[in-house]
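Asker: First to last, the protein sequences are chains A and B.
Here the first sequence stands for residues 1 to 154, numbered as in full-length UniProt numbering.
Here the second sequence stands for residues 1 to 154, numbered as in full-length UniProt numbering.
Protein chains: 2
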Amino acid sequence: MVQLDTIDRAILLELQKESRLSYAEIGARVGLSAAAVHDRVKKLERKGVIEAYRIQVNPKAIGLQVTAFIAVRLQNDATCADVAPTFADFPEVEECHSAAGDIDVLLKARTATPEDLEKLLYRIKRVPGVSRTTSTVVLSTQFEARPLIPVEAE
Amino acid sequence: MVQLDTIDRAILLELQKESRLSYAEIGARVGLSAAAVHDRVKKLERKGVIEAYRIQVNPKAIGLQVTAFIAVRLQNDATCADVAPTFADFPEVEECHSAAGDIDVLLKARTATPEDLEKLLYRIKRVPGVSRTTSTVVLSTQFEARPLIPVEAE
DNA sequence: GTGTCTAGCTGAACCATATTCGGTATTGTA
DNA sequence: TACAATACCGAATATGGTTCAGCTAGACAC
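1. Compute the Euclidean distance between the alpha carbons of Thr134(B) and Ala71(B), then round it to the nearest angstrom.
2. By Cβ distance, which residues of its chain are closer than 8 angstroms to Gln75(A), with the 5 residues on each side in sequence left out?
3. At which residues does the beta strand (DSSP E) containing Val138(B) begin and terminate?
4. Can you tell me the Cβ-Cβ gap for Val137(A) and Ala68(A), rounded? I've got them flagged as a contact below 8 angstroms.
5. Using DSSP with H/G/I as helix, E/B as strand and the rest coil, what is Arg73(A)?
6. Kindly list, in the order they appear in chain A, the residues whose Cβ is closer than 8 angstroms to that of Gly60(B).
7. Which whole runs of the beta strand (DSSP E) in the stretch 92-129 of chain B are 3 residues long or more, in chain order?
8. Decide if Asp102(B) is buried, meaning its Cβ has at least 16 other Cβ atoms within 10 Å, or exposed.
9. Let me know if Gly27(A) comes out buried or exposed under the rule of 16 or more other beta-carbons within 10 Å of its beta-carbon.
10. In chain A, what lies closer than 9 angstroms to His38(B) by C-beta?
11. Should Pro150(B) be labelled buried (16 or more other beta-carbon atoms within 10 Å of its own) or exposed?
12. Could you tell me the distance, in whole angstroms, from the CA atom of Phe87(A) to the CA atom of Thr141(B)?
13. Whose CA, out of Lys125(A), Leu21(A), Asp39(A) and Val2(A), lies closest to the CA of Tyr53(A)?
14. Enumerated in chain order, which unbroken segments of the alpha helix (DSSP H) with a length of 4 residues or greater are wholly contained in the UniProt domain "HTH asnC-type" (4-65) of chain B?
15. Just to confirm, is the Cβ distance from Cys96(A) to Phe143(B) under 7 angstroms?
16. At 7 angstroms on the CB atoms, spell out the chain B contacts of Pro114(A), in chain order.
17. For Thr79(A), name the three-state secondary structure that DSSP assigns.
18. In whole angstroms, what separates the C-alpha of Gly31(A) from that of Ala78(B)?
19. Below 6 angstroms CB to CB, which residues in the same chain sit around Ser19(B) once its five sequence neighbours on both sides are set aside?
20. Under 9 angstroms Cβ-Cβ, which residues of chain B neighbour Pro91(A)?
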């Protein structure tokens with residue numbers, strides 16, 4: 001874990017909300033010059049705290065109306081690492097986690113229509129190592145993509 | 001749903017991967033001038049396709065070691081919309097969806113430690129309207145935050 | 001105490017890029 | 001044909017990213 005002070009945490013919060021803020025603007029908010037903010041941000045990138053700069057796209061606006069969480073049970077001889085590369089070939093699958101409990105793998109997926117979700121499920125079930133899937137369809141999303149709050153140093 | 005042509009989709013893909021690309025660089029990749037790309041991007045922002053510019057932070061690097069999905073069952077007289085504002089008060093909760101099936105609400109949460117997750121679960125259980133929770137702890141994440149592929153126009 | 005090193009900051013200068021603008025080609029429509 | 005709307009281009013301008021030299025404070029050795 002990377003050591004972060006109060007100012008680093010404030011910068012990360014601001015950039016998670018709006019990464020296009022100018023360094024001068026961030027500096028005004030956290031009490032530093034633009035150059036100092038620049039320095040800190042570059043350091044955070046180098047240390048891997050900032051992984052990427054991205055846009056957040058509205059899924060519905062680009063035709064992805066359906067969101068679902070797909071719980072996958074694997075056969076005993078298969079691991080999440082075995083099947084993940086295959087799941088990565090399905091562009092509908094946005095996330096892939098190995099999980100503890102009743103479930104072995106948890107996927108988050110988005111499709112244009114319920115029919116497309118059905119087709120995706122069939123493809124997933126056919127992946128070698130997959131034993132069973134249980135899907136939870138999202139009816140509405142209250143919030144998503146909220147900023148992560150950095151943990152205070154101990 | 002917003003109508004997007006092939007170039008819009010290409011621009012959205014590039015920006016989801018790396019939103020700091022210059023308009024000139026994007027233009028070179030999609031076959032347009034910088035000014036034309038600028039035009040299209042502003043239009044995508046205005047139409048709500050691009051919701052925000054954000055940084056992607058490595059949760060582990062900022063001390064968030066634990067990720068969990070929390071399935072919430074509500075009492076019959078409660079709705080997801082009722083409880084969501086309270087969940088929004090918990091900064092550990094990153095996503096909140098209303099779901100169909102066995103479950104009423106699905107949360108994604110991140111905490112520093114398993115103990116913190118335990119405390120969060122207690123707080124969630126105490127929210128009025130919540131009947132039961134079932135948690136799935138993530139052991140490892142294969143991938144996350146993949147770009148959404150815009151649906152082709154019909 | 002003095003000297004030295006380092007980390008982190010500042011303001012200024014410079015340069016890349018975002019943004020604006022005027023003009024042109026294309027398409028659809030009356 | 002004329003007209004309007006759209007999407008594009010290159011050039012000019014404005015903004016902000018990036019670099020740099022120098023300053024300060026703190027840690028450390030002597």
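From the three backbone atoms N, C-alpha and C, an ideal C-beta is built for every residue, glycine too.
Answerer: So, from the listed chains and residues:
1. The count along the second sequence starts at 1 and reaches residue 134(B) at position 134. The count along the second sequence starts at 1 and reaches residue 71(B) at position 71. Using only the alpha carbons, I get a separation of about 5 angstroms.
2. Here the question's residue 75(A) lines up with position 75 in the first sequence. Excluding residues within five positions, the ones whose Cβ falls inside 8 angstroms are Gly129, Val130 and Ser131.
3. Taking the first residue of the second sequence as 1, we reach residue 138(B) at position 138. Taken as a continuous stretch (DSSP letters only), the beta strand (DSSP E) holding Val138(B) covers Val130 to Phe143.
4. Looking up residue 137(A) in the first sequence gives position 137. Looking up residue 68(A) in the first sequence gives position 68. Sure, about 5 angstroms apart at Cβ, within 8 angstroms.
5. On the first sequence, position 73 is the one that residue 73(A) refers to. Here Arg73(A) sits in strand by DSSP.
6. Stepping through the second sequence from its first residue, residue 60(B) is reached at position 60. The residue asked about is misnamed: residue 60(B) is Lys in this sequence, not Gly. Within 8 angstroms Cβ-Cβ: Met1.
7. 93-99 and 105-111, all fully within the stretch 92-129 of chain B.
8. Position 102 of the second sequence, counting from 1, holds the residue named residue 102(B). Exposed: under 16 other Cβ atoms inside 10 Å.
9. Here residue 27(A) is taken as the residue at index 27 of the first sequence, counted from 1. Gly27(A) should be labelled buried.
10. Your numbering for residue 38(B) matches position 38 in the second sequence. Under the 9 angstroms cutoff, chain A gives no residues; its nearest Cβ is about 14 angstroms from His38(B).
11. Position 150 of the second sequence, counting from 1, holds the residue named residue 150(B). Looking at its Cβ environment, which holds 16 or more other Cβ atoms inside 10 Å, Pro150(B) is buried.
12. What you label residue 87(A) is simply residue 87 of the first sequence in a count that begins at 1. What you label residue 141(B) is simply residue 141 of the second sequence in a count that begins at 1. For the pair Phe87(A) and Thr141(B), the Cα-to-Cα distance works out to about 13 angstroms.
13. Mapped onto the first sequence, residue 53(A) falls at position 53. Per the Cα distances, Leu21(A).
14. 6-17, 23-30 and 34-46
15. Within the first sequence, numbered from 1, the residue matching residue 96(A) stands at position 96. Within the second sequence, numbered from 1, the residue matching residue 143(B) stands at position 143. Closer than 7 angstroms, so yes.
16. Here residue 114(A) refers to the residue found at position 114 when the first sequence is read from its first residue. By Cβ distance, chain B contributes nothing, its closest Cβ being about 11 angstroms from Pro114(A), past 7 angstroms.
17. Start at 1 with the first residue of the first sequence, and residue 79(A) comes out as number 79. Reduced to three states, the DSSP call for Thr79(A) is coil.
18. Walking along the first sequence from the start, residue 31(A) turns up at place 31. Walking along the second sequence from the start, residue 78(B) turns up at place 78. Cα to Cα, the separation comes out at about 44 angstroms.
19. Locating residue 19(B) in the second sequence gives position 19, where the first residue counts as 1. Closer than 6 angstroms at Cβ, skipping near neighbours: Tyr53.
20. Locating residue 91(A) in the first sequence gives position 91, counting from the first residue. Simply Arg146, Pro147, Leu148 and Ile149.
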